[in-house]
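For the sequence shown, the residue numbers in our numbering are 1375 to 1475.
Note that beta-carbon positions come from the ideal geometry of N, C-alpha and C, so glycine has one too.
As the structure is a prediction and not an experimental result, all values here were calculated from the model.
The structure appears right after this line, and notes come after that.
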Amino acid sequence: MMQILFPFIGTIVAISVAGWVVTTWLRIKHGYPLQGGWGQAIYPKRDDETVERVKLLSQENAQLKAELGSIKDRLANVERIVTDGAHGLEREIEQLRGRTN
């Protein structure tokens, strides 16, 4: 009887362990916290250095977003000047030609 059940039990155990390994790998890959046997978080650890680093990165992110917004505004102004300037210049040339003829 054990000779018949042992391969099935071994297969089920191997599939369970492989599933646990894949689940843990996916959690690590996507940044989810890992949990110990009693449900306590073991990764990522939260300490003062990590909290300070997150705060600094958040500030830098806000500064970069503000700078990107101002650059977009400047680019819009440059595009408007370039496109409108050509048409305005053509009108002025045509007005001058019309006055001399």
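- For Gln1409, the pairing in a beta bridge is given by DSSP as Ala1415.
- Less than 7 Å separates the beta-carbon of Ile1416 from that of Gly1410.
- For His1461, the secondary structure class from DSSP, reduced to helix, strand or coil, is helix.
- Per DSSP, reduced to three states, the secondary structure at Asp1421 is coil, with no helix or strand assignment.
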